[in-house]
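A.B. asks:
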Amino acid sequence: MNKVVKNAKEAIAGIKSGMTLMVGGFGLCGIPENCIMAITETDLRELTCISNNAGVDDFGLGLLLQKKQIRKMIASYVGENAEFERQLLHGELEVELIPQGTLAERCRAGGAGIPAFYVPAGYGTEVAEGKEVREFNGKPHLLEHALKADFALIKAWKGDTHGNLIYKETARNFNHPMATAGKITIAEVEELVPAGQLDPMQIHTPGIYITRIFQGTDYEKRIEQLTESQ
Amino acid sequence: MSLTKQQIAQRIAQELKDGYYVNLGIGIPTLVANYIPEGIEVVLQSENGMLGMGPFPQKGMADPDLINAGKQTVTLLPGGVYFDSATSFAMIRGGHIDLTVLGAFEVSDTGDIASWKIPGKMVKGMGGAMDLVAAAKNIIVAMQHTSKDGQSKLLKQCTLPLTGVKCIKKIVSDLAVLEITDEGFVLLERAPGVSVEDIQKATEGRLVVKGDVPEIKLV
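Chains as they are written, first to last, in the numbering used here: chain A, 1 to 230; chain D, 231 to 449.
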């Protein structure tokens, strides 16, 4: 049950142009820095990326946008990226914006074998276009479908050789639901330990969801909005 | 005198009740945390996965793994907890949040809200706003009553793409506190020195005035 690979380059083997990737993180918090960097060093193109955000111009998924490796972005908020906006307004990039909770639940459902579900978010807005509406308890809901990815790229704080994961603070965010929804899920961690060394009662993502795991290097962990008390 | 952004936040803070779980949006809503009345305990939820959000960190103590929904570095208070995004929105969708405060570009007199997109000009995305307005029991909008060039933002019908329909119950603007009922915008309070007539002029949607309208009190 050893899922350990050497590094990001080895971990992303098998990703092909045109595939759909889930990429964990919220803003730049908890993003799989090593795997993103490794993809920038390949010729992969026409990728569909499902991620809450699109990074900033020169970090995170912004790096893949710069290299025009992404054809379609599925996200909830993309406000921090000028290159993204430029590509979008010039029709170089396809974008699907999804309410954040619906996005998270679609990933969760993808991993949990629930093909579709109803939520109230987006009813009466452009998000509802083309979607089935059904009333429950007097309130209209939209039918939303599960999401799956060819590869899910996620980042955790600590992991073991079985793929059991622990996240740090708010870096958990989309990493857990996305970990469950990849046909192949790659976890990069700051500290990789032998199975049995993590407290089984403290595990956030059980290793069953993880296909490959490696200890990342040189984490920058860039802060988007540094705010301090006066 | 119209209210400043800080004063709008201060007035909204008067709506907090002991034991409330509260989600504060980006902008003016974030400032509400600075005015939580003494003797009242509220727990702040940040939809990126935290309950018990505390103030910004001391200088030099910022932690890149600990941010709020506005991507700002924050702290966690004792008793606080972290969770994933699906769990976070399950809390929101499940009606466990007592109060949501968010900003808006426009609100209609039937409670529709537009807050996420200006076609041809700004496409940033809705983030969690659509989930929040669709599910929250109690939503207060913090906003400016008019645009910079004097156009009303409290309308008969929103002109911008909607975030949600028939979901807003209360507005605190720089000019007034209003409740939205079947009759329209019911004027509850007015900013100090601002007349009912001023508010009428600044409100394009149906405005309902019942009896004397008291001034907003900021303690």
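Backbone N, C-alpha and C fix where the C-beta goes; we use that ideal spot for every residue, glycine too.
Out of curiosity, what's the CA-to-CA distance linking E228/A and G113/A?
C.D. replies: As a working mapping, residue 228/A is identified with position 228 in the first sequence. As a working mapping, residue 113/A is identified with position 113 in the first sequence. Rounded to the nearest angstrom, the two C-alpha atoms are 43 Å apart.
A.B. asks: Return no unless some Cβ of chain A is closer than 8 Å to the Cβ of E336/D.
C.D. replies: Your numbering for residue 336/D matches position 106 in the second sequence. By this cut-off, E336/D is not an interface position.
A.B. asks: If you check the beta carbons only, do F415/D and R172/A fall under 8 Å apart?
C.D. replies: For this step, residue 415/D is matched to residue 185 along the second sequence. For this step, residue 172/A is matched to residue 172 along the first sequence. No, Cβ-Cβ distance for F415/D and R172/A is not below 8 Å.
A.B. asks: Does N278/D get closer than 8 Å to chain A when you measure Cβ to Cβ?
C.D. replies: Against the second sequence, residue 278/D aligns to sequence position 48. Yes, because at least one Cβ of chain A sits closer than 8 Å to the Cβ of N278/D.
A.B. asks: May I ask you to report which of helix, strand or coil DSSP gives P115/A?
C.D. replies: Here the question's residue 115/A lines up with position 115 in the first sequence. Looking at P115/A - three-state DSSP - the assignment turns out to be coil, as it is neither helix nor strand.
A.B. asks: By DSSP, does P140/A sit in helix, in strand, or in coil?
C.D. replies: For the purposes of this step, residue 140/A is identified with residue 140 of the first sequence, where counting begins at 1. It is a strand residue.
A.B. asks: Are V311/D and P259/D touching if we call contact CB-CB under 8 Å?
C.D. replies: Within the second sequence, residue 311/D is the residue found at index 81, counting from 1. Within the second sequence, residue 259/D is the residue found at index 29, counting from 1. Against a cut-off of 8 Å, the Cβ pair of P259/D and V311/D comes out as no contact.
A.B. asks: Suppose you measure from the CA of G264/A to the CA of E268/D; what does that come to, to the nearest Å?
C.D. replies: Because residue 264/A is not part of the residues shown, which for chain A are 1 to 230, the question remains open.
A.B. asks: Taking buried to mean at least 16 other C-beta atoms within 10 Å of its own C-beta, is V262/D buried or exposed?
C.D. replies: Position 32 of the second sequence, counted from the start, is the residue given in the question as residue 262/D. That one is buried.
A.B. asks: Specify, as a first and last residue, the run of the beta strand (DSSP E) that C49/A falls within.
C.D. replies: Translated into the one-based positions of the first sequence, residue 49/A becomes position 49. That run of the beta strand (DSSP E) goes L47 to I50.
A.B. asks: For the beta strand (DSSP E) containing R71/A, name the first residue and the last one.
C.D. replies: By one-based count along the first sequence, residue 71/A stands at place 71. I70 to A75 is the extent of the beta strand (DSSP E) around R71/A.
A.B. asks: Taking only beta-carbon atoms, is L198/A less than 8 Å away from chain D?
C.D. replies: Within the first sequence, the letter at position 198 stands for residue 198/A. Output row for L198/A: interface = no.
A.B. asks: Can you pull the chain D residues whose beta carbon is under 7 Å from the beta carbon of S229/A, in chain order?
C.D. replies: What you label residue 229/A is simply residue 229 of the first sequence in a count that begins at 1. Near S229/A (Cβ distances below 7 Å), the residues of chain D are P285, F286, P287 and Q288.
A.B. asks: According to a CB-to-CB cut-off of less than 8 Å, which residues of the stretch 166-183 of chain A neighbour chain D?
C.D. replies: For the stretch 166-183 of chain A, which is checked against every Cβ of chain D, the residues closer than 8 Å are Y167, K168, E169, T170, A171, R172, N173, F174, N175, H176 and P177.
A.B. asks: Can you tell me whether T260/D is helix, strand or coil according to DSSP?
C.D. replies: Numbered from 1 along the second sequence, position 30 holds the residue referred to as residue 260/D. Reduced to three states, the DSSP call for T260/D is helix.
A.B. asks: Measure the C-alpha to C-alpha separation of A54/A and L418/D and round it to an integer number of angstroms.
C.D. replies: Walking along the first sequence from the start, residue 54/A turns up at place 54. Walking along the second sequence from the start, residue 418/D turns up at place 188. So the alpha carbons of these two residues sit roughly 42 Å apart.
A.B. asks: Note down the Cα distance separating H375/D from A366/D, rounded to an integer number of angstroms.
C.D. replies: Against the second sequence, residue 375/D aligns to sequence position 145. Against the second sequence, residue 366/D aligns to sequence position 136. If I take the Cα positions, the gap works out to 23 Å.
A.B. asks: Give me the Cα-Cα distance between T102/A and N164/A, rounded to the nearest whole angstrom.
C.D. replies: Along the first sequence, one-based indexing puts residue 102/A at 102. Along the first sequence, one-based indexing puts residue 164/A at 164. When rounded, the distance between both Cα atoms is 26 Å.
A.B. asks: Do the stretch 208-222 of chain A and the stretch 381-391 of chain D meet, that is, are 3 or more Cβ pairs less than 8 Å apart?
C.D. replies: No contact exists between the stretch 208-222 of chain A and the stretch 381-391 of chain D.
A.B. asks: Is there a C-beta anywhere in chain A that falls below 8 Å from the one on Y250/D?
C.D. replies: Position 20 of the second sequence, counted from the first residue, corresponds to residue 250/D. No, no contact with chain A.
A.B. asks: Can you give the beta carbon distance from V237/A to I31/A, rounded, assuming they're within the 8 Å contact cut?
C.D. replies: Only positions 1 to 230 of chain A appear in the structure, and residue 237/A is not among them; the question remains open.
A.B. asks: Taking Cβ-Cβ distances below 8 Å as the criterion, which residues of the stretch 60-87 of chain A are in contact with chain D?
C.D. replies: Result list: A75, S76, Y77, V78, G79, E80 and E85.
A.B. asks: At the level of alpha carbons, what is the spacing between H204/A and I166/A?
C.D. replies: For the purposes of this step, residue 204/A is identified with residue 204 of the first sequence, where counting begins at 1. For the purposes of this step, residue 166/A is identified with residue 166 of the first sequence, where counting begins at 1. Roughly 5 Å between the two C-alpha positions.
A.B. asks: Of all the CB atoms in chain A, is at least one closer than 8 Å to the CB of P267/D?
C.D. replies: As a working note, residue 267/D is residue 37 in the second sequence. No - not a single Cβ of chain A is within 8 Å of the one on P267/D.
A.B. asks: Run the CB neighbour count on I270/D, radius 10 Å, all protein chains shown included, and call it buried at 16 or more, exposed below.
C.D. replies: Counting from 1 along the second sequence, the entry for residue 270/D is found at position 40. By the neighbour-count rule (16 or more Cβ atoms within 10 Å), I270/D is not buried but exposed.
A.B. asks: I need the straight-line Cα distance from G255/D to M1/A, nearest angstrom please.
C.D. replies: Looking up residue 255/D in the second sequence gives position 25. Looking up residue 1/A in the first sequence gives position 1. About 44 Å.
A.B. asks: With DSSP run on the structure shown, which of helix, strand or coil describes L93/A?
C.D. replies: Along the first sequence, read from residue 1 onward, the residue named residue 93/A stands at position 93. Of the three classes helix, strand and coil, the one that applies to L93/A here is coil, per DSSP.
A.B. asks: So, helix, strand or coil for S315/D, using DSSP?
C.D. replies: As a working note, residue 315/D is residue 85 in the second sequence. DSSP places S315/D in helix when its eight states are reduced to three.
A.B. asks: Check each residue of the stretch 18-50 of chain A: if its Cβ is closer than 8 Å to any Cβ of chain B, include it; give the result in chain order.
C.D. replies: The structure shown contains no chain B; its protein chains are A and D.
A.B. asks: When the Cα atoms are used, what is the spatial distance from E33/A to G91/A?
C.D. replies: Taking the first sequence and counting its residues from 1, one reaches residue 33/A at position 33. Taking the first sequence and counting its residues from 1, one reaches residue 91/A at position 91. Each residue's Cα considered, the two are about 27 Å apart.
A.B. asks: Quick one: list the residues of chain A neighbouring D293/D, beta-carbon separation under 8 Å, in chain order.
C.D. replies: Taking the first residue of the second sequence as position 1, residue 293/D is located at position 63. Simply E169.
A.B. asks: Is the Cβ-Cβ distance between R241/D and V426/D less than 8 Å?
C.D. replies: Here residue 241/D corresponds to residue number 11 of the second sequence, with the count starting at 1. Here residue 426/D corresponds to residue number 196 of the second sequence, with the count starting at 1. Contact flag unset, no.
A.B. asks: Who are the Cβ neighbours of P115/A in its own chain at under 6 Å, not counting the five residues just before and after it?
C.D. replies: On the first sequence, position 115 is the one that residue 115/A refers to. Contacts found: A146.
A.B. asks: Given a limit of 7 Å on CB to CB distance, which residues of the stretch 204-216 of chain A reach chain D?
C.D. replies: Taking 7 Å as the Cβ-Cβ cut-off against chain D, none of the residues of the stretch 204-216 of chain A qualify.
A.B. asks: Given that F313/D touches chain A, what residues does it touch there, using C-beta distances under 8 Å?
C.D. replies: As a first step, residue 313/D is located in the second sequence; it is residue number 83 there, counting from the start. Under the 8 Å cutoff, chain A gives R172.
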